[in-house]
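Report on the structure given below.
Residue numbers (full-length UniProt numbering): 1 to 326.
Set out below in structure tokens:
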């Protein structure tokens with residue numbers, strides 16, 4: 001029975017000493033697994049059938065520490081043909097790469113995987129291949145019945161039914177082609193849905209990471225905004241207090257101004273009254289001073305005053321007090 005083989009080497013040629021057999025998946029048909037393979041970098045992997053015959057390759061799923069894998073196919077031509085380069089998405093410390101063969105499964109002789117990584121050692125956690133091996137397909141098909149009917153001597157001779165035996169292989173080939181097309185279509189749909197689910201999961205992880213980064217920033221911005229609001233409220237209260245103090249000072253200044261104006265007005269009125277009151281001046285130009293004694297100053301000049309000064313006459317304190325009472 002033919003099986004798939006995986007060769008992992010550091011050279012661009014197959015190393016027969018480092019070969020691993022693919023194990024069939026018991027749950028899914030046309031699926032084969034290889035796990036826990038290691039090699040130094042740069043690493044090259046080759047997938048071949050055991051009998052070196054062609055097989056149908058539908059797709060690959062690789063989980064390793066290599067982020068990019070280049071795929072080359074070898075068909076009937078001895079030269080390899082570049083197919084595509086697949087990039088993986090982060091998955092639990094590794095990279096998960098899902099590659100679907102464009103146009104459906106292809107009959108190939110060999111698949112060459114070139115792993116591109118910066119690590120000194122390539123570690124393949126798992127490698128799943130969706131493929132169909134022709135020998136397995138032929139063994140699963142029912143064999144046409146070429147047996148002749150039992151001969152009964154009593155029955156009349158009859159010709160063998162050759163038309164049935166000739167038309168049966170054609171219908172079997174058509175059925176197998178139909179099964180292959182359905183299997184390739186199902187594989188394509190399954191891998192497409194897996195790729196979409198992986199992209200959605202990756203985007204959700206990025207969104208969660210962004211939210212986890214934004215939450216501390218939002219909390220910090222909220223705390224800063226609350227502090228600024230408190231500071232603004234304090235400044236508003238201080239401004240109100242300063243305005244009240246300014247109003248109080250303004251009222252005090254106004255009151256003092258009014259008092260000064262009234263005092264000035266009182267002084268000016270009293271001065272005017274003293275200047276215009278005739279009771280304050282005596283006859284013959286005498287001026288009466290009020291105090292402890294009454295002093296009369298005259299402006300007459302006589303011979304007894306050689307300096308032409310005034311004569312001052314002081315009265316006793318009793319007269320001064322009586323004058324004050326008058």
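Ideal Cβ placement from N, Cα and C applies to all residues, glycine included. All values derive from a computational prediction rather than experimental measurement.
Could you work out which residue in the options is closest to residue i when comparing CA atoms only?
i: residue 19; options: 26, 266, 226, 39; result: 39
i: residue 67; options: 97, 186, 77; result: 97
i: residue 333; options: 272, 191, 74, 207; result: Shown here, the chain extends from 1 to 326; a query on residue 333 therefore has no answer.
i: residue 47; options: 103, 27, 107; result: 107
i: residue 50; options: 23, 196, 122; result: 23
i: residue 89; options: 103, 199, 75; result: 199
i: residue 185; options: 246, 256, 271, 103; result: 103
i: residue 91; options: 73, 62, 76, 112; result: 62
i: residue 13; options: 25, 113, 54, 60; result: 113
i: residue 95; options: 122, 77, 73, 76; result: 122
When we look at the beta-carbon of residue i and count the other beta-carbons within 10 Å, is it buried (16 or more) or exposed?
i: residue 93; result: exposed
i: residue 85; result: exposed
i: residue 383; result: An answer regarding residue 383 cannot be provided, because it is not within the stretch 1 to 326 covered by the chain.
i: residue 133; result: buried
i: residue 30; result: buried
i: residue 8; result: buried
i: residue 264; result: exposed
i: residue 71; result: buried
i: residue 213; result: exposed
i: residue 249; result: exposed
i: residue 239; result: exposed
i: residue 203; result: exposed
i: residue 182; result: exposed
i: residue 344; result: No answer is possible for residue 344: the residues shown for the chain start at 1 and end at 326.
i: residue 259; result: exposed
i: residue 60; result: buried
i: residue 256; result: exposed
i: residue 163; result: Caution applies to residue 163, whose pLDDT of 39 falls short of 50 and renders its modelled position unreliable; the model cannot decide the point.
i: residue 17; result: exposed
Is there a Cβ of chain B sitting closer than 9 angstroms to that of residue i, yes or no?
i: residue 262; result: Going by chain labels, chain B is absent from the structure shown, which holds only one protein chain.
Quick one, are the C-beta atoms of residue i and residue j less than 9 angstroms apart?
i: residue 64; j: residue 10; result: no
i: residue 115; j: residue 44; result: yes
i: residue 131; j: residue 4; result: yes
i: residue 27; j: residue 6; result: no
Rounded C-beta distance between residue i and residue j? I'm assuming under 8 angstroms.
i: residue 188; j: residue 100; result: 6 angstroms
i: residue 120; j: residue 56; result: Not quite, the Cβ-Cβ distance comes to about 36 angstroms (not below 8 angstroms), so this is no contact.
*Assess, as a yes-or-no matter, whether the segment 32–51 is touched by the segment 76–83 under the definition of 3 or more beta carbon pairs within less than 8 angstroms.*
no
*asked:* Taking contact to mean 3 or more Cβ pairs, one atom from each stretch, closer than 8 angstroms, check whether the segment 118–130 and the segment 26–36 are in contact.
replied: yes
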